[in-house]
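Chains as they are written, first to last, in this note's numbering: chain X, 5 to 475; chain A, 5 to 475.
Notes for the one structure printed next.
Number of protein chains: 2
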Amino acid sequence: VTEKLLVCSNRGPITYDGSPDAPVPRRGGGGLIGAIAPVMEGTGGTWIAAPLSDTDRALARRGRSPERDGFTLRFLDLPAELHHLHYDVMSNEVLWFVFHYLFDVPHTPTFDGMFDRAWDGYRQVNELFAAAVCETPSDVVLVQDYHLMLAASFVRRSSRARRPLIYFHHTPWCEPEYFALLPVSVRDALLEAMLAYDVVGFHAKRWADTFLRCCERFVRGAKVGSNDVTWKRRTTKVIVAPVPVDEQRLLAEAAAPDVRSWITSHDELREGRKLLLRVDRIDLSKNPLRGFLAFEHLLERRPELANEVLFLALLYPSRLTVERYQNYFSECLNVVKRINERYDSKVKANVGPIELLFEDDFHRSLGAMRLYDALLVNPVFDGLNLVSKEGAVVNDRDGTVILSANAGAFEEIGPAVIGVQPFDVPGTALAIEQALELPGAERAKRAKKLRDLATRSTPSDWLARQLDATR
Amino acid sequence: VTEKLLVCSNRGPITYDGSPDAPVPRRGGGGLIGAIAPVMEGTGGTWIAAPLSDTDRALARRGRSPERDGFTLRFLDLPAELHHLHYDVMSNEVLWFVFHYLFDVPHTPTFDGMFDRAWDGYRQVNELFAAAVCETPSDVVLVQDYHLMLAASFVRRSSRARRPLIYFHHTPWCEPEYFALLPVSVRDALLEAMLAYDVVGFHAKRWADTFLRCCERFVRGAKVGSNDVTWKRRTTKVIVAPVPVDEQRLLAEAAAPDVRSWITSHDELREGRKLLLRVDRIDLSKNPLRGFLAFEHLLERRPELANEVLFLALLYPSRLTVERYQNYFSECLNVVKRINERYDSKVKANVGPIELLFEDDFHRSLGAMRLYDALLVNPVFDGLNLVSKEGAVVNDRDGTVILSANAGAFEEIGPAVIGVQPFDVPGTALAIEQALELPGAERAKRAKKLRDLATRSTPSDWLARQLDATR
């Protein structure tokens, strides 16, 4: 890539702790970062992000961050309360819910209480990102995800520069009736702002299609094609470009000593049992509860499996200040406790049949992904689900992936996984059973196919797809 | 109509109490009945329904029911437990929820427990209806609503008769992603069975469109046009035919002495306050909770309205054996109690600002519909919502209708109502305020337009639309 890139995202690749004079970097989490970092490194570009820590905020006020990895990271100077309204309330309690179909529709949303302030905060933060974009030279602007849907429309208002503005949407996009759960003015403002971008990208054709249908239904005067929307004399291209796995980097990380030592210790603990694995943030969209219920359903039919399989669930806490997340987490704990108590007498080892671990530990996740016999990825809805592809790349044991048909990645790797309808608990139980008992030859065949499908494109292909669409 | 009609519906126009030798008729409830009864009377046709009472079941076993209104009512001989699985579980806890977007998606549905038995019960009851259809001569078969989606496919299997089979869907139809909450096999079985009908009717273009999209996405090999679907060499026409109000009958009923005496007594109780009215079954889809919250929102801004407006809510209990309905009902009661306590000191009259009444009393409903200044109809989603049209017809006071944009009737009467986005509580509060304070001339103009729109077609037009589509 010869273009100078300017990336905007809510979360940056690094967050800092300690004194702003000697800041200590910490790697940011989330699939988005893993996707973008490789295409930014060494480009001399700029990455604008919201500050997450007090140190980040102090660096923002000084207007500079330490340079590393060959690009400039710039934190926006956002007051914590404003960022709370933007991020926690509008982005995560409203937009995340609408895109993943998470509302309990008879009760929520209601848009009273602090909603108006949150929407206003969302607009302000988008405007601040846009102002930072306007004062930062680059050849192209890459805006990431649902936190920043309005950025381009603010950029257009204050700058006539011709740089292409590209937006990538990392979550699903919902269908029109569901998108219309948003207040009419918000619904229309979001869609119209999206059409200020030159390119809008999605991980799956399905989400691109639902976005196009929303434009068709709600944006008056829009001309909607099969992969573009023309409105007010501007054409926005809509592309499908699933984020790839950075295969070489991932394999290198999976070979790290920490990963190997975790594998050794877990091998002992497992005592020869098969490993059923899940790795997710604790999120309503990730569906761990139905995953545990499906395992219970399977054990009811096949109680002997309690001693033959260890279900290791790496569930990383997330958004636990939100009441519905807290309650959901408790429900998960209760179900796991019930299952472990119920089958305790069948398990000869010390741990099982379910082992729950909470600390977000990337090396442990990689170790577990190398080891699994079956990886359960059953989100209610998911923009892509990078874990399903990462697992395919690092797994050593020809393990099988059980994948929700509602994960964007299903469009890419569907032919090599065991598909599940994520709401269907008995169906998920059957899929787990089938995955655990697949004959060796079939396992190996599938695992090879899966690796091929999961590594068909690289991070630079992903960037190129977006840049090509601007030409 | 010269054709001999055969109607099938879960609930019949009459249910009986007392001894089967001297059965005492009781009028069945629900908008569906009001729509179909006028077109059946005096035709000499047959109406097949599920038995709802022990007397109905006894009549079913004898194979005959008293004749009345010029058609034969036949109850099917269904065991109560089978009908429970069909009606309470599969129809009302699964299909009703899917068509109205009522699931709390992170938690429900799960399809474990008794789901398989319920689906099997649903299929059996549909098969029993189909068997009754096969042995009953008629020129045309009119199957009503989501309880009987499979009937035609069973009729086709056991009969080569060429009678047109018409299905009418009285609820919304949901979008493909949401319809796919159903297990894959159930989703496909329902859609394929719908394509065994010659005609499929909906109350609104919106629901017809979402049905067509589901066929397009999930029925392999289907050729989907803008108002038909061709699959396996059969073409199903998809029509939009909103159920009309039977204007003359309704006006006659609204003039009954019982109605007039209720009006007199309520006039006293109201003590000159304006009347804000709602009339619904207590259903998660009808959205009374957000209606009360919106009224509270309005009173917070305009506390003096507590003494100027009486909010009369006629909420008829329904499905209270279902836990989510029970909880929802309690929440409604709690919110009403809170509002009444909070504004008690502002209200000079004995009752208010909210009056809740529960007994299902048709005359009282009609009386209240004659009296309202504003009628609040804010369903989350609703196939049509007949109350909004009935209110328009009988109201004496140029009252204004506040109507959810998600009610099918919005397509017909939208230009003459104040529309609301039903999730937007502050927006609903504004709409209530606007409706209550509309200047007299504007009220009268709207009310006239509304009556015109609500009476543009008659029950016989409705039947004719369906029969025409078979030709």
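Where is the CB? At the ideal position from N, CA and C, for every residue including glycine.
Legend entry - Cβ neighbour criterion (16 or more within 10 Å) applied to L442/X: In the first sequence, residue 442/X corresponds to position 438, counting from 1. Of the other Cβ atoms in all chains shown, 16 or more fall within 10 Å of the Cβ of L442/X; this residue is therefore buried.
Inset, instruction - Return the Cβ separation of Y91/A and H173/A in integer angstroms, given the expectation that the two are a contact with Cβ distance under 8 angstroms. - result: As a first step, residue 91/A must be located in the second sequence, where it is residue number 87. As a first step, residue 173/A must be located in the second sequence, where it is residue number 169. Not confirmed; about 17 angstroms, so no contact.
Inset, instruction - Look up C12/X in the DSSP assignment and give the residues it is bridged to. - result: For the purposes of this step, residue 12/X is taken as the residue at position 8 of the first sequence. Beta-bridge pairing links C12/X to I52/X, V147/X.
Inset, instruction - For R78/A, name the three-state secondary structure that DSSP assigns. - result: On the second sequence, residue 78/A is found 74 positions in, with the first residue counted as 1. Residue state, collapsed to three classes: strand.
Inset, instruction - Mind checking which residues open and close the alpha helix (DSSP H) that includes Y91/X? - result: Here residue 91/X corresponds to residue number 87 of the first sequence, with the count starting at 1. Unbroken run through Y91/X: none, as it is neither H nor E.
Inset, instruction - Decide if the segment 377-397 of chain A is in contact with the segment 405-418 of chain A; the criterion is three or more beta carbon pairs, one per stretch, under 8 angstroms apart. - result: yes
Legend entry - Euclidean distance between Cα positions of S461/X and F103/X: Start at 1 with the first residue of the first sequence, and residue 461/X comes out as number 457. Start at 1 with the first residue of the first sequence, and residue 103/X comes out as number 99. About 26 angstroms.
Inset, instruction - Answer yes or no: do D364/X and P430/A have a C-beta to C-beta separation smaller than 8 angstroms? - result: Position 360 of the first sequence, counted from the first residue, corresponds to residue 364/X. Position 426 of the second sequence, counted from the first residue, corresponds to residue 430/A. With contacts defined by Cβ atoms closer than 8 angstroms, D364/X and P430/A do not form a contacting pair.
Inset, instruction - Can you give me the Cβ contacts of L339/X inside the same chain, cut-off strictly under 6 angstroms, excluding the 5 residues immediately before and after it? - result: Your numbering for residue 339/X matches position 335 in the first sequence. One point to set straight first is that residue 339/X is Val, not Leu, in the sequence displayed. Only F296 meet the Cβ criterion.
Inset, instruction - Determine which residues of the segment 415-427 of chain A have a Cβ less than 7 angstroms from any Cβ of chain X, and write them out in chain order. - result: Q425, F427
Legend entry - Beta-carbon gap between C218/X and L195/X smaller than 8 angstroms: Numbered from 1 along the first sequence, position 214 holds the residue referred to as residue 218/X. Numbered from 1 along the first sequence, position 191 holds the residue referred to as residue 195/X. Going by C-beta atoms, C218/X is nearer than 8 angstroms to L195/X.
Legend entry - Runs of alpha helix (DSSP H) lying entirely within the segment 101-174 of chain X, each at least 4 residues, in chain order: 119-138, 155-162
Inset, instruction - Go through the segment 248-306 of chain X residue by residue and report every complete run of the alpha helix (DSSP H) that reaches 4 residues or more, in order. - result: Segments of the alpha helix (DSSP H) lying fully in the segment 248-306 of chain X: 251-258, 261-274, 292-305.
Inset, instruction - Note down, in chain order, each residue of its chain lying with its Cβ closer than 7 angstroms to the Cβ of W266/A, except the 5 sequence neighbours on either side. - result: Here residue 266/A corresponds to residue number 262 of the second sequence, with the count starting at 1. Same-chain partners within the cutoff: H367, R368, G371.
Legend entry - Minimum C-alpha distance to K393/A - residue among L319/A, D472/A, P248/A: The sequence position of residue 393/A within the second sequence is 389, counting from 1. Of the listed residues, the one whose Cα sits closest to K393/A is P248/A.
Legend entry - V188/X - containing alpha helix (DSSP H), residue span: Residue 188/X sits at position 184 when you count from the first residue of the first sequence. From DSSP, the alpha helix (DSSP H) with V188/X extends over 188-198.
Inset, instruction - Pick out whichever of H301/X, V43/X, H111/X, P83/X has its Cα sitting closest to the Cα of D60/X. - result: On the first sequence, position 56 is the one that residue 60/X refers to. Out of H301/X, V43/X, H111/X, P83/X, P83/X has the C-alpha closest to the C-alpha of D60/X.
Inset, instruction - Check whether the Cβ of F201/A lies closer than 8 angstroms to any Cβ atom in chain X. - result: Working through the second sequence from its first residue, we reach residue 201/A at position 197. Reading off the sequence, residue 201/A comes out as Tyr, not Phe. False, the Cβ-Cβ gap to chain X never drops below 8 angstroms.
Legend entry - Contacts of D284/X in chain A (Cβ-Cβ under 9 angstroms): Sequence index remark: in the first sequence, residue 284/X carries index 280 (1-based). Correct list: empty, because the minimum Cβ distance to chain A is about 13 angstroms.
Inset, instruction - For the beta strand (DSSP E) containing Y182/A, list its first residue and its last residue. - result: Within the second sequence, the letter at position 178 stands for residue 182/A. Unbroken run through Y182/A is the alpha helix (DSSP H), 180-183; no beta strand (DSSP E).
Legend entry - At least three beta-carbon pairs within less than 8 angstroms, the segment 69-76 of chain A to the segment 44-60 of chain A: yes
Inset, instruction - Tell me P29/X's beta-bridge partners as DSSP assigns them. - result: Residue numbering aside, residue 29/X sits at position 25 when the first sequence is read from its first letter. In the DSSP output, where bridge partners are listed per residue, P29/X has Y20/X.
Inset, instruction - Name the residue from T112/X, L80/X, D402/X whose alpha carbon lies nearest to the alpha carbon of L279/X. - result: Position 275 of the first sequence, counting from 1, holds the residue named residue 279/X. That would be D402/X, whose Cα lies nearest to the Cα of L279/X.
Inset, instruction - Could you tell me whether the Cβ atoms of V398/X and A258/X are closer together than 8 angstroms? - result: The count along the first sequence starts at 1 and reaches residue 398/X at position 394. The count along the first sequence starts at 1 and reaches residue 258/X at position 254. Yes, Cβ-Cβ distance for V398/X and A258/X is below 8 angstroms.
Inset, instruction - Could you pull the start and end residues of the beta strand (DSSP E) that L407/X belongs to? - result: Translated into the one-based positions of the first sequence, residue 407/X becomes position 403. Residues 404-408.
Inset, instruction - Determine, using beta carbons only, whether R224/X comes closer than 8 angstroms to chain A. - result: Residue 224/X sits at position 220 when you count from the first residue of the first sequence. By this cut-off, R224/X is not an interface position.
Inset, instruction - Mind listing the chain X neighbours of L185/A? Cutoff is C-beta to C-beta under 7 angstroms, in chain order. - result: The residue labelled residue 185/A in the question sits at position 181 within the second sequence. Within chain X, F427 have C-beta atoms less than 7 angstroms from the C-beta of L185/A, given in sequence order.
Legend entry - Counterpart residues of E359/X in DSSP-defined beta bridges: Position 355 of the first sequence, counting from 1, holds the residue named residue 359/X. Bridge partners of E359/X: L316/X.
Legend entry - Rounded separation between T240/A and L388/A - CA only: Stepping through the second sequence from its first residue, residue 240/A is reached at position 236. Stepping through the second sequence from its first residue, residue 388/A is reached at position 384. Cα to Cα, the separation comes out at about 22 angstroms.
Legend entry - Proximal residues of chain A, C-beta to C-beta of T325/X below 7 angstroms: Within the first sequence, residue 325/X is the residue found at index 321, counting from 1. Ordered by position in chain A, no residue passes the 7 angstroms Cβ test against T325/X, which lies about 17 angstroms from the chain.
Legend entry - Cβ-based burial, S334/A [other Cβ within 10 Å; buried from 16]: Counting from one through the second sequence, the residue named residue 334/A turns up at place 330. It counts as exposed.
Inset, instruction - Out of L9/A, E45/A, K8/A, point me to the one whose CA is closest to R253/A's CA. - result: Residue 253/A sits at position 249 when you count from the first residue of the second sequence. Selected option, being the one with the closest Cα: E45/A.
Inset, instruction - Return the bridge partner residues of G423/A from the DSSP annotation. - result: Residue numbering aside, residue 423/A sits at position 419 when the second sequence is read from its first letter. L407/A.
Inset, instruction - For R348/X, name the three-state secondary structure that DSSP assigns. - result: By one-based count along the first sequence, residue 348/X stands at place 344. Note that residue 348/X is Asp in the sequence shown here, rather than Arg. If DSSP states are grouped into helix, strand and coil, D348/X belongs with the helices.
Inset, instruction - List the residues of chain A whose Cβ lies closer than 8 angstroms to the Cβ of E179/X, in chain order. - result: Along the first sequence, read from residue 1 onward, the residue named residue 179/X stands at position 175. E179, P180, E181, Y182, listed in chain order.
Inset, instruction - May I ask you to verify whether the segment 142-151 of chain A touches the segment 447-463 of chain A, counting CB pairs closer than 8 angstroms and requiring at least 3? - result: Fewer than three Cβ pairs drawn from the segment 142-151 of chain A and the segment 447-463 of chain A lie within less than 8 angstroms of each other, which leaves the two stretches out of contact.
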